[in-house]
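Right, one structure below, let's go through it.
Protein chains in written order, with the working numbering: chain Z, 112 to 422; chain R, 423 to 722.
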């Protein structure tokens, strides 16, 4: 039912004026009968262009707050399958916060509070019966700073398959994961060496291989290249192009050129400067095919950002 | 080939004249620090030399393998050494699981906004500073007599010493766990590991060198403790090795204490020899701890 193009009921249009939004603590007012109403897969806005069939994620009026102050407000977008979606924007705009809703990593922060709906293949990720551990088995994540475990290269890859109880030859699983991350030729002779002996770029590709070893459906990448040099960054971008054959990728980046190079679709976030640090609120400004966002942005703020006028 | 060009202008004209007092003050400050440091070193050296002069001639294989005796020439420390080893065995057996479990609870599970967790934390910090004789009284009242009624046995002595060092083990254990960056836990959880799997398979193994260092340092503190053992009533004249947890015992510091209080000078020489043995044990333990730390220390 998700992605039903024929249903164009304007009543279920998730758009709403941001100013008219209520207290962020409240669950968005979706009429009870419409909770599972089909969401039209058409461009519902001039700036939020997400006519996507079979989206892997649907965010509906997603808001995250830490303590009392909202960090990101009212994000609604659809993430396509087997493509690369980039989240860009100045720091503090909440792009990392939003990506962490997609695998429920925000659960680890006690003060974090998520309102709105995130659907993963139509399933409400924050629904009562959902086990966050189960979610993370399907949705892998790569972090800003490479975080290999202080163990051998082999053990780094094998950890995920082991905790998931995957069947089959572990040697094969490890080799396959390293090949998919195009790291096999670099490390096949030193699988027993400590992962900390690798270069930063190799460590990050090891983290990607580690995430791939459990055969995830989605790979979330939170500024994966911000700690790397341009050559390592290029290798990871090449890798992303290969990977999107098999997995859907969402990448957060503050590097606009990177978003332009790798992504199929781009979402631009902005931070509303409030009177104080706490009053900063991130919002989604514009979302659509990457080439359109960069060549023909509809919102003046997007245009200024992609043309380098701020941020 | 090229020699330095002669300065065309005198240094003082370019850089100005430094105040003479600065150099003097600099020098005297360094001298003062050196003098203060040497006070501690001199005291230590005098003690060591004095002990060595008295003790080294007494050291022999028969000293290590004889039991206490009324005759200084026949007396030795075998039962004290075995007693100390038994005690340390009990201490290790108790502090490792209790210390690690408490540290894990406080670091990974305790919700700091709850008042009881804050009380536990403050109390553990305070307990680390409680004089060991107080633990001796506790051990006498509740372990030797009272609810546990274990009597003056190896087990009672070991449990009392374990109480003395447990707070330190917990505190160093927490530090070792905290030294593992949160990104390791995040990485494990992001792969679909449960909280328990992340802790048991990644965080705990990564913090073992730090925990082990804390345990060894705690044991080396426990080895020298005398006051609590006197209170729990360890004997000072035990002419046999402990046969089990329920056996009476003595320990090296107790043997030293007992010999030093003898009027016969010969026994004081024996005490000096026993001090040397205790010091060697301590240095060995600390060396192992330092080696562990240097070898496995993870640079994140």
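Ideal Cβ positions, reconstructed from N, Cα and C, are used throughout, including at glycine. Keep in mind the model is a prediction, meaning the values are calculated, not measured.
Candidates 194(Z), 364(Z) and 187(Z), of which the one nearest residue 396(Z) by Cα: By one-based count along the first chain, residue 396(Z) stands at place 285. For residue 396(Z), the nearest C-alpha among the options comes from 187(Z).
Query raised in the report: With 7 Å set as the bound, which would you pick, yes or no: does the beta-carbon of residue 477(R) sit closer than that to a beta-carbon of chain Z?
Result: Position 55 of the second chain, counted from the start, is the residue given in the question as residue 477(R). By this cut-off, residue 477(R) is not an interface position.
| Residues of the segment 312-337 of chain Z whose Cβ lies closer than 9 Å to any Cβ of chain R, in chain order | 318, 321, 322, 324, 325, 327 and 331
Residue 172(Z) and residue 239(Z) look like a contact to me (Cβ under 8 Å); what is the Cβ gap, rounded to whole Å? Within the first chain, numbered from 1, the residue matching residue 172(Z) stands at position 61. Within the first chain, numbered from 1, the residue matching residue 239(Z) stands at position 128. 19 Å between Cβ atoms; not a contact.
Establish whether the CB of residue 612(R) and some CB of chain Z are separated by less than 7 Å. For this step, residue 612(R) is matched to residue 190 along the second chain. Yes, residue 612(R) lies at the interface with chain Z (some Cβ there is under 7 Å from its Cβ).
Notebook entry, point to check: So with Cβ pairs under 7 Å, would you call residue 431(Z) a contact of chain R?
Noted result: Residue numbering for chain Z in the displayed model covers 112 to 422; residue 431(Z) lies beyond these limits and cannot be assessed.
(message) Any beta carbon from chain R within less than 7 Å of residue 420(Z)'s own beta carbon?
(response) Taking the first residue of the first chain as position 1, residue 420(Z) is located at position 309. Taking Cβ atoms only, chain R never reaches closer than 7 Å to residue 420(Z), which makes this a no.
For this session: Buried or exposed for residue 368(Z), please, with buried defined as at least 16 other CB atoms from any protein chain shown within 10 angstroms of its CB.
Result: Locating residue 368(Z) in the first chain gives position 257, counting from the first residue. Residue 368(Z) comes out exposed.
Next item on the list: Mark residue 711(R) as exposed unless 16 or more other C-beta atoms lie within 10 angstroms of its C-beta, in which case mark it buried.
Entry: If you number the second chain from 1, residue 711(R) lands on position 289. Buried.
ask   = Since residue 613(R) contacts residue 270(Z) with CB under 8 Å, what's their CB separation in whole angstroms?
value = Sequence index remark: in the second chain, residue 613(R) carries index 191 (1-based). Sequence index remark: in the first chain, residue 270(Z) carries index 159 (1-based). The Cβ separation is near 7 Å, so the contact holds.
### Query
For the segment 348-402 of chain Z, which segments carrying the alpha helix (DSSP H) assignment without a break, of at least 4 residues, lie completely within its bounds, in sequence order?
367-373
Practice problem: Could you name each continuous beta strand (DSSP E) segment of 3 residues or more that falls completely within the segment 317-350 of chain Z, going from the start of the chain to the end? | Solution: 329-333
Discussion item. If contacts are defined as beta-carbon pairs under 8 Å, then residue 605(R) and residue 256(Z) qualify, I think. What distance do you get, rounded to the angstrom?
Written reply: For the purposes of this step, residue 605(R) is taken as the residue at position 183 of the second chain. For the purposes of this step, residue 256(Z) is taken as the residue at position 145 of the first chain. That belief holds up - the Cβ atoms of residue 605(R) and residue 256(Z) are roughly 6 Å apart, short of 8 Å.
*Contact under 7 Å by Cβ, residue 550(R) with residue 490(R)*: Indexing the second chain from 1 puts residue 550(R) at position 128. Indexing the second chain from 1 puts residue 490(R) at position 68. Result no, Cβ atoms of residue 550(R) and residue 490(R) do not sit closer than 7 Å.
Name the residue from 337(Z), 418(Z) and 393(Z) whose alpha carbon lies nearest to the alpha carbon of residue 180(Z).
-> In the first chain, residue 180(Z) corresponds to position 69, counting from 1. Checked all of 337(Z), 418(Z) and 393(Z); the closest Cα to residue 180(Z) is 393(Z).
Can you tell me whether DSSP reads residue 499(R) as helix, strand or coil?
Along the second chain, read from residue 1 onward, the residue named residue 499(R) stands at position 77. In this structure, residue 499(R) counts as coil in the three-state DSSP scheme.
Identify every run of the alpha helix (DSSP H) within the segment 613-683 of chain R, keeping only runs that are complete inside it and at least 4 residues long; order them along the chain.
617-620, 626-646, 649-653 and 674-682
Measure the beta-carbon distance from residue 204(Z) to residue 380(Z) and round it to whole angstroms, keeping in mind my assumption that it falls under 8 Å. The sequence position of residue 204(Z) within the first chain is 93, counting from 1. The sequence position of residue 380(Z) within the first chain is 269, counting from 1. 4 Å between Cβ atoms; contact.
Go through its chain and collect everything with a Cβ distance to residue 673(R)'s Cβ below 7 Å, but skip five positions before and after it. Taking the first residue of the second chain as 1, we reach residue 673(R) at position 251. Hits under 7 Å: 502, 505, 506, 509, 651 and 656.
Name the chain R residues that come within less than 9 Å of residue 254(Z), Cβ to Cβ?
In the first chain, residue 254(Z) corresponds to position 143, counting from 1. Ordered by position in chain R, the residues that pass the 9 Å Cβ test against residue 254(Z) are 605, 608, 609 and 612.
Is the CB of residue 248(Z) under 7 Å away from at least one CB in chain R?
For the purposes of this step, residue 248(Z) is identified with residue 137 of the first chain, where counting begins at 1. Output row for residue 248(Z): interface = yes.
Cβ distance (whole Å) where residue 679(R) is taken to contact residue 635(R) below 8 Å
Residue numbering aside, residue 679(R) sits at position 257 when the second chain is read from its first letter. Residue numbering aside, residue 635(R) sits at position 213 when the second chain is read from its first letter. Not a contact, Cβ separation roughly 29 Å.
Considering Cα atoms alone, identify which of 584(R), 482(R), 525(R) and 698(R) is closest to residue 516(R). Numbered from its first residue, the second chain carries residue 516(R) at position 94. Ranking 584(R), 482(R), 525(R) and 698(R) by Cα distance to residue 516(R) puts 584(R) first.
- prompt: Excluding the five sequence neighbours on either side, which residues of its own chain have a C-beta within less than 7 Å of the C-beta of residue 223(Z), listed in chain order?
  reply: For the purposes of this step, residue 223(Z) is taken as the residue at position 112 of the first chain. The residues are 175, 177 and 217.
Q. Alpha carbon to alpha carbon, what distance is there between residue 324(Z) and residue 277(Z)?
A. Within the first chain, residue 277(Z) is the residue found at index 166, counting from 1. Within the first chain, residue 324(Z) is the residue found at index 213, counting from 1. Computed Cα separation, rounded: 10 Å.
In three-state terms, what does DSSP make of residue 471(R)?
The residue given as residue 471(R) occupies position 49 in the second chain. It is helical.
Legend entry - Any C-beta of chain Z under 7 Å from that of residue 616(R): Locating residue 616(R) in the second chain gives position 194, where the first residue counts as 1. Output row for residue 616(R): interface = yes.
With residue 363(Z) and residue 243(Z) assumed to form a contact (beta carbons below 8 Å), what rounded beta-carbon distance in angstroms separates them? Counting from one through the first chain, the residue named residue 363(Z) turns up at place 252. Counting from one through the first chain, the residue named residue 243(Z) turns up at place 132. Contact flag wrong, Cβ pair sits at about 20 Å.
Roughly how many angstroms lie between the CA atoms of residue 675(R) and residue 536(R), to the nearest whole one? As a first step, residue 675(R) is located in the second chain; it is residue number 253 there, counting from the start. As a first step, residue 536(R) is located in the second chain; it is residue number 114 there, counting from the start. If you take the alpha carbons of residue 675(R) and residue 536(R), they lie about 42 Å apart.
If you run the structure through DSSP and keep just helix, strand and coil, what is residue 535(R)? Numbered from 1 along the second chain, position 113 holds the residue referred to as residue 535(R). Of the three classes helix, strand and coil, the one that applies to residue 535(R) here is coil, per DSSP.
Endpoints, the alpha helix (DSSP H) within which residue 286(Z) is located:
Stepping through the first chain from its first residue, residue 286(Z) is reached at position 175. Taken as a continuous stretch (DSSP letters only), the alpha helix (DSSP H) holding residue 286(Z) covers 281-291.
Below 8 Å on the Cβ atoms is my guess for residue 321(Z) versus residue 348(Z); work out the distance and round it to an integer in Å.
For the purposes of this step, residue 321(Z) is taken as residue 210 along the first chain, with counting starting at 1. For the purposes of this step, residue 348(Z) is taken as residue 237 along the first chain, with counting starting at 1. So it is not a contact: roughly 19 Å between Cβ atoms.
Give a yes or no on whether the minimum CB-CB distance between residue 628(R) and chain Z is below 7 Å.
Position 206 of the second chain, counted from the first residue, corresponds to residue 628(R). Yes - at least one Cβ of chain Z is within 7 Å of the one on residue 628(R).
Check: For residue 229(Z), which beta-bridge partners are listed by DSSP?
Finding: Along the first chain, one-based indexing puts residue 229(Z) at 118. Answer is 170(Z).
With H, G and I counted as helix, E and B as strand and the rest as coil, what does DSSP make of residue 602(R)? Along the second chain, one-based indexing puts residue 602(R) at 180. It is coil, neither helix nor strand.
Between residue 632(R) and residue 598(R), is the Cβ-Cβ spacing less than 7 Å?
-> Locating residue 632(R) in the second chain gives position 210, where the first residue counts as 1. Locating residue 598(R) in the second chain gives position 176, where the first residue counts as 1. Yes, these two residues count as a Cβ contact at 7 Å.
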